[in-house]
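FYI, in the working numbering the residues of the sequence shown are 907 to 1062. For every residue, glycine included, the Cβ atom is placed at its ideal position computed from N, Cα and C. These figures come from a predicted structure and were not determined experimentally.
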Amino acid sequence: MFRLLSILLLSFCTLKGYGQPYDVKIKTLPDTIFFIDPKIPLEDGLNYYVFNKKADFNKLFGLTKYHTEKSDIIDFKKELPIALALYPPNSDVHIKFVRAFKVGSIIEVFFTISRKHYPTTYTTYPLLIGTLPRIADVNTIQFYIDKELQKEVKIK
907 MFRLLSILLL SFCTLKGYGQ PYDVKIKTLP DTIFFIDPKI PLEDGLNYYV FNKKADFNKL
967 FGLTKYHTEK SDIIDFKKEL PIALALYPPN SDVHIKFVRA FKVGSIIEVF FTISRKHYPT
1027 TYTTYPLLIG TLPRIADVNT IQFYIDKELQ KEVKIK
């Protein structure tokens, strides 16, 4: 009897997704839409952001001249914006989201950084903005390069 109950409980947990990681759709926004406000001080290295409120997002990012309305780009009721911003490097750098998984109350976001090893003659702010679906029981976003945890950000 105990064995049967254990099998049923494990089957239920597997069906409901408890403890089982599953893919979460991550939408990458085109890098021609937003820019980071140059008045905002960035720390050396990579800066990680999770925005629960539209006002917080709007404080950090502005629209490029190609867009005039922020409201049609991100649906803050359904989507959770995340961003990676790099202090201006002296070489060409690109950041890309790879995939995301939900594990318990955490969403794990995997990304890559590619660097060209020649110096640039201009200043850029490498920026990557994406959105995750809002999931009620998620309270933490973890950012990974390969399998190495880079940063954990609590959703406020």
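- Query: What separation, rounded to the nearest whole angstrom, lies between the Cα atoms of Ser-917 and Val-930?
  - Reply: On the sequence shown, position 11 is the one that residue 917 refers to. On the sequence shown, position 24 is the one that residue 930 refers to. Unreliable placement is indicated for Ser-917, whose pLDDT of 46 sits below 50; no coordinate value is reported for it.
- Relative to the alpha-carbon of Lys-1053, which residue among Ala-1042, Phe-963, Thr-1018 has its alpha-carbon at the smallest distance? For the purposes of this step, residue 1053 is taken as the residue at position 147 of the sequence shown. That would be Thr-1018, whose Cα lies nearest to the Cα of Lys-1053.
- Message: Any heavy atom of the ligand MG closer than 6 Å to the beta-carbon of Ile-1013?
- Response: You won't find the ligand MG in this model; it holds no ligand whatsoever.
- Task: Please state if the CB of Gln-1048 and the CB of Leu-1038 are separated by a distance shorter than 7 Å.
- Result: One-based indexing of the sequence shown puts residue 1038 at position 132. One-based indexing of the sequence shown puts residue 1048 at position 142. Against a cut-off of 7 Å, the Cβ pair of Gln-1048 and Leu-1038 comes out as no contact.
- Task: Would you decide whether Ala-1042 is buried or exposed? Buried here means 16 or more other CB atoms lie within 10 Å of its CB.
- Result: Taking the sequence shown and counting its residues from 1, the one referred to as residue 1042 is at position 136. Ala-1042 should be labelled exposed.
- Query: Counting along the chain, where does the alpha helix (DSSP H) carrying Asp-962 start and finish?
  - Reply: Locating residue 962 in the sequence shown gives position 56, where the first residue counts as 1. Taken as a continuous stretch (DSSP letters only), the alpha helix (DSSP H) holding Asp-962 covers 960-966.
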